[in-house]
Amino acid sequence: MKPTGMPSGLNRWWGVAFSAAILLIVWPWPGVWMGIQSLRLMMRIGTMLGLPVIFGDQQLQVGGLVVPWSDDCAGVAFFAILPLLACWRSWRENSPATLWQTLLLPWLLAAAANGLRVSGILVCRWWLQPAVESLQMHHFLGFVSLLLAVVVILPSSHTRELRVQVLHLAGLLALLTPQLQAPGGWLIALCSMVVLAMRMRRADAISRRFTNVGFTLLWGLAAAWIGFSQMESLWLPWLLVSPFFSRSSMPLCGWLLLPGCLPLIAIQQPWSGIILLPICVVILRCLHWSPKTPDASFSITPSMWRQSFATLAVMLPFAAIGLGKQAVLRQEVPVATLRPQLVAPAQYELHLERQSPQIRVDWIGAQGGGRHHTLPVCMAFRGEHLHTVHDVSAVWTDGKVWRREYFLHEGQLLDRYPAYLKSSFWPTRSSGVHLIFSALSHAMSAQEFAEMTDALAKRVFQHQRELYQTHAKRPLDPALTLDKTQIAETHTQASD
30 MKPTGMPSGL
40 NRWWGVAFSA
50 AILLIVWPWP
60 GVWMGIQSLR
70 LMMRIGTMLG
80 LPVIFGDQQL
90 QVGGLVVPWS
100 DDCAGVAFFA
110 ILPLLACWRS
120 WRENSPATLW
130 QTLLLPWLLA
140 AAANGLRVSG
150 ILVCRWWLQP
160 AVESLQMHHF
170 LGFVSLLLAV
180 VVILPSSHTR
190 ELRVQVLHLA
200 GLLALLTPQL
210 QAPGGWLIAL
220 CSMVVLAMRM
230 RRADAISRRF
240 TNVGFTLLWG
250 LAAAWIGFSQ
260 MESLWLPWLL
270 VSPFFSRSSM
280 PLCGWLLLPG
290 CLPLIAIQQP
300 WSGIILLPIC
310 VVILRCLHWS
320 PKTPDASFSI
330 TPSMWRQSFA
340 TLAVMLPFAA
350 IGLGKQAVLR
360 QEVPVATLRP
370 QLVAPAQYEL
380 HLERQSPQIR
390 VDWIGAQGGG
400 RHHTLPVCMA
410 FRGEHLHTVH
420 DVSAVWTDGK
430 VWRREYFLHE
440 GQLLDRYPAY
450 LKSSFWPTRS
460 SGVHLIFSAL
470 SHAMSAQEFA
480 EMTDALAKRV
490 FQHQRELYQT
500 HAKRPLDPAL
510 TLDKTQIAET
520 HTQASD
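So for the sequence shown, my numbering puts the first residue at 30; every next one is plus one.
This is the structure we're talking about:
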């Protein structure tokens, strides 16, 4: 449909709420402050009611239960996403926006939803799993709390026709909110919300695309592949292209924005700059679009079996996070000859014989059965931004430390991330091990670091040789076998 002018619902309060939401996506610290203050207020109320609650800077203590605390627990994504949802509702219904409906009410609901989520985590830790705080617990509790908030923001969701749509909205927001404070999270949020707005221009509860058996079957097969391969980052774009959304087809620009919903792409700086301009153009066009009215030929109430199937589809990503337990059980641990020292769950520091004291070797197992990130993404989560060394492309640095990565996977030693993705692409494959080598840049040149880490990586693989011969599905690569001369040369380099 061609632009027909700015809808009447887009007044100054709509602009204020929309701008505030975008600001919190790009600059989340005000949302962190609001989330922390709302949680402190909730804890004070609990203390007044006699609950033994202590809210510290690094931990939250309820009686004898101590739960680690960080800014990620403040629920900043709730404060950014819910106002956008309220703005979308005002735009779709073409009704005058008010400050209460588009900003104040969503922020109150965000504080309540985050408080409910944190309370649920505390209850689960204290009652169901006192020593475990699993990823699926976080996602499911976020889904439940957001579902209640979405029902309040969208009062028309009480009708039977829109229940499926509300479930999908809550599921999408629950998958989106944990991404906001991750590296590239602002781009993931913007791309997701723009694609979501394009998908939901029509008011039908279930799309005509559902009648396309071929697309629905392909969508279901994709879910099976994502679940068994444990690539959790793909669940968000999978739900965005769901056949249960109201718009019968997504425009080409929507498909072009879909890769921006993936952390692997959103973290790349060139992609961020390239995609930002199309996002702005699409947002401006969306603001001028008039919401489409329901198609009279398809505005029937969806059958019960379709609603049930749609509900199961929404719940699938949250249930599938636990399907990788077999991969977790297969998670490799370093052999004793590597003299591993446990530094965190599934993470060891290795101490090889005659290893140079200037080089640190970290053995990192996958968390929850999911795939490993690239080295720059891993370090970005720790606040370190790496770039490649000009003369030695395999070495990364932040100007202070040399870093290099390898992967141990299914009897192979891989030194490139694309090779690791290719090897771990198929379902039932293990996540493998991420080896990260580090050294201070003033201690040696990048070329020396590359040569020494290459030899050390082969030695680590050599120590794991017996384990791989027992469990690997493919024969060992003969090129990775070190003879006594190579081992002696490695020892000499390490002692220099």
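In this text, a Cβ means the ideal position worked out from N, Cα and C, and glycines have one as well.
All of these numbers come straight from a predicted model, not from anything done at the bench.
- A direct Cα-Cα distance of roughly 21 Å separates Gly289 from Val105.
- With fewer than 16 other Cβ atoms from the protein chains shown falling within 10 Å of its own Cβ, Asn123 counts as exposed.
- At the C-beta level, Pro112 and Phe172 stay beyond 9 Å of one another.
- If you draw a straight line from the Cα of Phe257 to the Cα of Gly394, it is about 18 Å long.
- Looking from the CA of Val462, the closest CA among Gln441, Glu261, Ala468 belongs to Gln441.
- Leu204 and Leu443 have their C-alpha atoms spaced approximately 31 Å apart.
- For Leu78, the secondary structure class from DSSP, reduced to helix, strand or coil, is coil.
- For Gly200, the number of other beta carbons within 10 angstroms of its own is at least 16, and it is reported as buried.
- In terms of Cβ geometry, Leu175 and Thr206 form a close pair [threshold 9 Å].
- Rounded to the nearest angstrom, the Cβ distance from Trp392 to Leu450 is 20 Å, too far for a contact under 8 Å.
- For Gln476, the enclosing alpha helix (DSSP H) covers residues 475 to 492.
- About 15 Å separates the CB atoms of Ala50 and Ala140; that is not less than 8 Å, and the two are not in contact.
- In the assembly as shown, Ala479 is a buried residue. Its beta-carbon has 16 or more other beta-carbons within 10 Å.
- In this structure His401 is in contact with Ser460, their Cβ atoms being roughly 7 Å apart against a cut-off of 8 Å.
- Rounded to whole angstroms, the separation of the alpha carbons of Leu404 and Gln376 is 15 Å.
- One alpha carbon belongs to Pro363, the other to Ser262, and they sit about 27 Å apart.
- Contact fails between the region 50 to 60 and the region 145 to 157, because fewer than three Cβ pairs, one in each stretch, are under 8 Å apart.
- When Ala126, Leu80, Leu132 are compared, the shortest CA-CA separation from Leu52 is found for Leu132.
- In the DSSP assignment, Trp42 falls within the alpha helix (DSSP H) that extends over 41 to 55.
- Residue environment for Val390: buried (at least 16 other C-beta atoms within 10 angstroms of its C-beta).
- In the displayed model, Thr417 falls within a strand according to three-state DSSP.
- DSSP places Gly60 within a helical segment (H, G or I) once states are collapsed to three.
- Pairing Pro81 with Ala373, the inter-Cα distance amounts to about 29 Å.
- The DSSP assignment places complete beta strand (DSSP E) segments of no fewer than 3 residues inside the region 427 to 468 at 430 to 438, 441 to 443, in order along the chain.
- Short of 7 Å from the beta carbon of Met222, and not among the five residues preceding or following it, lie these beta carbons of its own chain, in chain order: Leu113.
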